[in-house]
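Undergrad:
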Amino acid sequence: MLKTICYMSDSNQQEAPKNVKDLYAQAKKNNLKNNISGILIYHKGNYLQVLEGHEEDVDKTYERIIKDKRHKNIIKVININTETRIFADYNFGFTVVRSSNEFIELHDYLNWLKNANHKIANKLIIMAENFIRTVG
Ligand SMILES: Cc1cc2nc3c(=O)[nH]c(=O)nc-3n(C[C@H](O)[C@H](O)[C@H](O)COP(=O)(O)O)c2cc1C
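In my numbering, the protein residues as written are 1469 to 1604.
1) Report the rounded CA-to-CA distance for M1469 versus S1567, giving the unit in angstroms.
2) Less than 6 Å between C-beta atoms, sequence neighbours within five positions excluded: which residues of the same chain meet that for N1441?
3) Less than 6 Å separating the Cβ of T1529 from some heavy atom of ligand 1?
4) What separation, rounded to the nearest whole angstrom, lies between the Cα atoms of L1581 and D1527?
5) Could you tell me the boundaries of the alpha helix (DSSP H) in which H1575 lies?
6) Kindly indicate the opening and closing residues of the alpha helix (DSSP H) around E1551.
7) Of the choices H1522, K1537, H1539 and I1588, whose alpha-carbon is the least far from that of I1554?
8) Per DSSP, V1518 forms a beta bridge with which residues?
9) May I ask you to check if the CB of R1601 is nearer than 6 Å to at least one heavy atom of ligand 1?
10) Which of the three DSSP states is assigned to N1541 in this structure?
11) Which value, in whole angstroms, describes the spacing of the CA atoms of G1561 and Y1492?
12) At the level of alpha carbons, what is the spacing between N1583 and Y1558?
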C-alpha cells in the first residue's frame, strides 16, 4: 500500500550552509535507498515536505524525521493512503527546492497535474503556494 505524508516545520538551524547541504544530501540518499519520492521545500526558515512510498517506509522515515533536532513545531497536514505517486517521475523522485527557479519549476509541474484533475496535486499546489506566500 502506498502512502503520502506532508508536514510543515520550523528550522532550528542557524547553521552553516554546509550543514544544510549535508541534510539535503542525507535525505536524498536515504530516500533513494528506501524508494521514497517527494519534495523538500525550504523557505525563510521553514520546511514543507512531501514523502510518498510504501506505507512502512514512509512511516519509518517520518518517525526519524520528527525526532530530528534540526527542526521543531512539526505539523502533519496530509496523511493518506494513495494509489499513485505524484513525484516518482519528477527529478528522479526526490527533490530539494531551494531557489525561486526551482519553485517555479515545481509549481509548473503541480499545475500540470492539477489540469489533469489530480486530487492530491490540487491540495498540494494550494499548500505550496500558501507556504511560499505566508511564511517568513
Ligand atoms: C527538515 C528535515 C527533512 C528531512 N528529510 C529526510 C528525508 O526525506 N529522508 C530521510 O531519510 N531523512 C530525512 N531527514 C533526516 C532524518 O531526520 C534523519 O536524520 C536521517 O534519516 C537519519 O539517517 P541515517 O540513519 O542515515 O543517519 C530530514 C531531517 C530534517 C530536519
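Ideal placement from N, C-alpha and C gives every residue a C-beta, glycine not left out.
Just so we're clear, the structure is a prediction, and the values are computed from it rather than from any experiment.
TA: Based on what the coordinates show:
1) Cα to Cα, M1469 sits roughly 33 Å from S1567.
2) Nothing about residue 1441 can be reported from this structure: the residues present for the chain run from 1469 to 1604 only.
3) At least one heavy atom of ligand 1 falls within 6 Å of the beta-carbon of T1529.
4) When the Cα atoms are used, L1581 and D1527 turn out to be separated by approximately 25 Å.
5) Boundaries of the alpha helix (DSSP H) around H1575: S1568 to N1583.
6) Element bounds for E1551: n/a, residue is neither H nor E.
7) The option with the nearest alpha carbon to I1554 is I1588.
8) Answer is C1474 and I1507, bridged to V1518.
9) No, the beta carbon of R1601 sits no closer than 6 Å to any heavy atom of ligand 1.
10) Looking at N1541 - three-state DSSP - the assignment turns out to be strand.
11) Going by the C-alpha atoms only, they are around 14 Å apart.
12) Taken atom to atom, the span from the alpha-carbon of N1583 to that of Y1558 is near 17 Å.
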